[in-house]
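Asks: Numbering (my numbering), first residue to last: 633 to 903.
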């Protein structure tokens with residue numbers, strides 16, 4: 633049974649992430665750990681805050697069941713948490729060995745909620761024990777037919793991350809579309825890492841797509857996602873490599889406004 637962590641602040645974007653996850657994994661046995669960081673750990677009224685949080689969590693689950701229908705494959709664990717938001721959620725994910733964390737991405741008009749903007753990226757940086765799926769608010773659920781994986785292959789893709797990609801393919805009956813940006817094309821380590829990865833996913837993938845950088849790496853990726861009708865984008869998070877540039881200052885705003893498919897971020901795990 634998969635364990636899926638969904639932090640919520642009861643905003644529309646966090647509910648949309650929960651709804652998307654429930655639909656995506658509708659045929660998979662899952663326990664959803666719905667966590668609300670209701671107050672700091674030093675708040676003298678934290679017990680009252682936890683009671684109020686639990687009431688809202690109960691209402692949230694009732695809303696979800698009403699919207700997606702009763703599913704005997706799904707169980708829900710409702711957790712009011714007294715903690716710092718990002719650190720508390722990350723520690724919960726690690727302690728309870730979550731298989732996936734799902735968070736909502738912001739809409740243009742929702743800029744003050746706790747899980748949005750830079751805080752969402754702080755969660756990505758803090759949660760290193762499992763993959764993170766970021767779900768844009770302004771999308772309707774649709775079947776995931778194509779999952780694009782993009783990398784410059786400067787590092788090997790770990791066995792755990794390959795297994796995660798294959799898990800998503802099996803759950804959603806999807807095809808992996810490997811995409812790379814043409815740079816350092818003759819570098820031996822990158823070519824070896826790419827070849828090993830492509831061999832490992834061969835049964836679940838299409839032919840690799842190689843693209844030149846025509847208007848910056850971000851716009852190249854966004855154009856590829858649009859033209860190839862990609863349903864989910866996947867990358868590995870390297871704290872001091874290509875990915876940091878992708879989510880860096882200024883780029884996150886472009887992601888929030890332009891990336892209109894869920895974004896699966898894999899942790900930098902060793903082989």
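The beta carbon of each residue, even a glycine, is placed where N, CA and C say it ideally should be.
CB-CB under 6 Å to residue 710, same chain, minus the five flanking residues each way: which ones, in chain order?
Replies: The answer, listed in chain order, is 666 and 689.
Asks: Can you tell me which residues form a DSSP beta bridge with residue 753?
Replies: Per DSSP, none; premise fails for residue 753.
Asks: Mind checking whether residue 896 and residue 768 have CB atoms under 8 Å apart?
Replies: No, the pair does not count as a contact, with Cβ atoms beyond the cut-off.
Asks: Let me check one thing: in DSSP terms, what residues is residue 707 bridge-paired to?
Replies: According to DSSP, residue 707 bridges with 663.
Asks: Taking residue 782 as part of the beta strand (DSSP E), name the residues at either end of that continuous run.
Replies: Start and end: 778-782.
Asks: Run through the region 798-855 for me and flag every whole alpha helix (DSSP H) of 4 or more residues, listed as ranges in chain order.
Replies: The region 798-855 contains these whole alpha helix (DSSP H) runs: 820-832.
Asks: Evaluate the contact criterion for the region 695-713 versus the region 645-663: three or more CB pairs, one atom per stretch, below 8 Å.
Replies: These segments touch.
Asks: Taking residue 837 as the reference, which of 680, 778, 761 and 684 has the closest Cα?
Replies: Residue 837 has its Cα closest to that of 778, out of 680, 778, 761 and 684.
Asks: Among the residues of its own chain, which have a CB less than 6 Å from the CB of residue 642, if the five just before and after it don't count?
Replies: So the list reads 688, once near-sequence residues are dropped.
Asks: Does the count of Cβ pairs from the region 787-798 and the region 839-848 closer than 8 Å reach three?
Replies: At 8 Å Cβ cutoff, the stretches do not touch.
Asks: Here's the rule: buried if 16 or more other CB atoms are within 10 angstroms of the residue's CB, otherwise exposed. What is residue 736?
Replies: Buried, since its Cβ has 16 or more Cβ neighbours within 10 Å.
Asks: Would you check if there are 3 or more beta carbon pairs closer than 8 Å linking the region 689-701 to the region 718-738?
Replies: Too few Cβ pairs lie closer than 8 Å, so no.
Asks: Pick from 726, 902 and 801: whose alpha carbon is nearest that of residue 865?
Replies: Closest by alpha carbon: 801.
Asks: Quick one, are the C-beta atoms of residue 756 and residue 721 less than 8 Å apart?
Replies: No, Cβ-Cβ distance for residue 756 and residue 721 is not below 8 Å.
Asks: Sort out for me which residues DSSP pairs residue 657 with in a bridge.
Replies: Answer is none; residue 657 lacks a bridge partner.
Asks: Keeping to the same chain, check which residues put their C-beta closer than 7 Å to that of residue 892; ignore five residues upstream and five downstream.
Replies: These residues qualify, in order along the chain: 768 and 771.
Asks: Does residue 766 come out as helix, strand or coil in the three-state DSSP assignment?
Replies: Residue 766: strand per DSSP, three-state reduction.
Asks: Quick one, which of 652, 650, 714 and 830 has its alpha-carbon nearest residue 677's?
Replies: Per the Cα distances, 714.
Asks: Alpha carbon to alpha carbon, how far is residue 635 from residue 730?
Replies: Distance between the alpha carbons of residue 635 and residue 730 is about 5 Å.
Asks: Is DSSP giving residue 865 helix, strand or coil here?
Replies: Correct three-state label for residue 865: strand.
Asks: Would you list the one or two residues that DSSP bridges to residue 897?
Replies: Partner(s): 764 and 867.
Asks: Answer yes or no: do residue 867 and residue 782 have a C-beta to C-beta separation smaller than 8 Å?
Replies: Cβ distance < 8 Å, so residue 867 and residue 782 count as in contact.
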